[in-house]
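Scroll down for the structure; my scribbles are underneath it.
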Amino acid sequence: MGHNDTRDIDNADRHSGAAAGLRAALRRSESWFRAFFEDAPAGTLIASPDGLLLSVNQRMSAITGVAEAELVGRSLADLAHPDDNDAVAEMIAAVGESQQAPRAAEHRFLTADGGHRWVLLGLTGHAVGERGLDALLGLVIDIDERKRGEEELRDAYEKIAELTRRLERENQYLRLEADLEYHHDEIVGRGPLTTKLLRQVEQVAGTRSTVLLLGETGTGKEVVARAIHNVSSRSDRAMVKINCAALPPSLIEQELFGREKGAFTGADTRQAGRFEVADGSTLFLDEVGEMPIELQPKLLRVLQEQEFERIGGTTTLRVDVRVIGATNRDLAQLVREGRFREDLYYRLNVFPITVSPLRERREDIPLLVHAFVKEFAAEMDRRIDTIPARVMKALEGHSWPGNVRELRNVIERAVILSPGPLLEVDIPEMALGRDEEPTALDAAQRAHIIRILERTDWRVRGRGGAAELLEVKPTTLESKMLRLGISRPR
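Heads up: the sequence shown begins at 4 in our numbering, then just goes up one per residue.
Below, the structure written as structure tokens:
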């Protein structure tokens, strides 16, 4: 064997040793990679360039609840929640287009139990030489606990925000109420009719039943409604009210049911209706007999199902509202005339209560007079401690066509005009009542009030209402309308 042959053998041995070393190093590298792949605290995966899973580790199986063997061969995009499927597919395509540029995003992966878990999915491409992308390498980190914590926190913030909005709506309503007339908050009287009324209030207050208060204008139906609310389990929330006769038909629906932003021209914000504000409380529908016939089916639905949609909205809102209606109209007659739905009438008339006119309970007049004198004397910082017998006799003998409201107005005027501690009432003026023929001044005043009411679409209260334009209190205008026989045409 020559010298060259010996050198070739030595070179071959060296190459063989080097190759063996490389193979050993490769085996160690593969072992380390496999150990990392299998034991990594996150899910790891190898997929084809189009996202077909070639290999996954045990952590991937733990995250999805699907065995490793069942995951292999499935599309990575198909593991995602239907709402995230397209985003994962786009992520796979983006890695393919950029060859090796990594991508990462939060997605939901479906689980074997039919649910889903939030994960952080990271993908990068693996390329060999000039052949282009031959595999995708992925890391899947379970972030479900954090994401659900974030969702719970968002839900909590939303509940707080909704409670805040609800309190703001209620406070806004209470501020509006504070601007309106003060109502005596007790049912005053000792006669048999008042005793019966109080017994009915106690009987129905603890129930969820709809109540219909029947009686002439000025008898105190709202006072009775407040009494029912105040002794009910809903008394921790403010009673909400709406006067169906004080608003034009075009506004009643908006006031009752609210509106969505953009529902119509000028609806720049979403507005909650009275039913929404009264959720968990009582809604008092005064003059319910004036409810437009076209809105009555919607009102009936709320009474029956406790649900409705805002104007311009598609989301059904569910509420828990106790409704108390009041009217001075004969609803049964309106039903016969086709002006009031029969099914709505029966739904409202579950527990009817008649509030008797003052002329039928004259024995209550002295108590009412004393209560009103005390109220107005305190309000005006006056001292009225004597009511002459002749004054009380005149008050008891009056017919009171305006009922308790008229009596209250008479006493308010008397307290203002009484110079000393003795209550003085202008008996001749009061005795004239509404029975005298209207004077030319009355006729002119009546015509002027009607013109203003027509200009405000018969809205008495609130900004831009007839009372504001006439620069009088709403209660004063309503009393004058009653005296002059003014009512909204139907």
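Each residue gets a CB set at the ideal place from its N, CA and C atoms; glycine is no exception.
Computed from a predicted structure; not experimentally measured.
Apart from sequence neighbours up to five positions away, the residues of its chain that approach L456 with a beta-carbon distance below 6 angstroms are A469, ordered along the chain. Contact between the stretch 366-376 and the stretch 228-245 is absent: fewer than three C-beta pairs spanning the two stretches fall below 8 angstroms. Following the DSSP letters along the chain, one finds F112 inside the beta strand (DSSP E) bounded by residues R106 to L113.
DSSP places K244 in the uninterrupted beta strand (DSSP E) bounded by V243 to N246. In this structure, L420 keeps its C-beta atom at 7 angstroms or more from the C-beta atom of I387.
About 6 angstroms separates the CB atoms of V407 and T222; that is less than 8 angstroms, so the two are in contact. Of the residues P52, V98, G117 and M94, the one whose Cα lies closest to the Cα of H84 is G117. When C-alpha distances from G423 are compared across R385, K162 and E474, the shortest belongs to R385.
Within the same chain, Cβ atoms closer than 8 angstroms to the Cβ of E471 are found at G465, the five residues on either side in sequence being excluded. Here the alpha carbon of L136 sits roughly 38 angstroms from the alpha carbon of G152. Contact fails between the stretch 269-278 and the stretch 328-344, because fewer than three Cβ pairs, one in each stretch, are under 8 angstroms apart.
Straight through space, the alpha carbons of P252 and Q203 are spaced by roughly 33 angstroms.
A Cβ-Cβ separation of about 7 angstroms places V75 in contact with L57 under the 8 angstroms criterion. About 7 angstroms separates the CB atoms of L126 and P105; that is less than 8 angstroms, so the two are in contact. Assignment of beta-bridge partners to I146 by DSSP yields no partner. In this structure, the alpha-carbon of I255 lies about 10 angstroms from that of G276. For S78, the three-state secondary structure derived from DSSP is strand. In the DSSP annotation of this structure, the continuous segment of the alpha helix (DSSP H) that includes R339 starts and ends at L334 to R339. A direct Cα-Cα distance of roughly 45 angstroms separates P295 from D86. With a cut-off of 8 angstroms on Cβ pairs, the stretch 353-362 is not in contact with the stretch 237-251, counting fewer than three such pairs.
Residue state for Q257 is assigned as helix, using DSSP reduced to three classes.
The secondary-structure analysis by DSSP pairs D289 across a beta bridge with N246.
Relative to E378, the option among E415, A397 and L55 whose CA is nearest is E415. Contact between the stretch 48-55 and the stretch 85-101 is present: three or more C-beta pairs spanning the two stretches fall below 8 angstroms.
Put simply, of R491, V122, P404 and V463 the residue whose alpha carbon is nearest the alpha carbon of T220 is P404. The three-state reading of DSSP puts F354 in strand, counting E and B together.
Under DSSP, Q274 forms a beta bridge with R262. Taking C-beta atoms as the reference points, D367 and T198 fail to come closer than 7 angstroms. Taking a C-beta distance under 7 angstroms as the contact criterion, E263 and R313 qualify as a contact pair.
Going by DSSP, H232 is part of the alpha helix (DSSP H) stretching over K224 to N233.
The continuous alpha helix (DSSP H) containing L410 extends over residues N406 to L420. Listed as beta-bridge partners of I66 by DSSP are no residues whatsoever. In the three-state reduction of the DSSP assignment, G315 falls in the coil class.
One Cα belongs to S402, the other to T478, and the distance between them is close to 21 angstroms.
In the same chain as V353, and ignoring 5 residues on each side of it, the C-beta atoms closer than 8 angstroms to its own belong to S212, T213, V214 and L215, in chain order.
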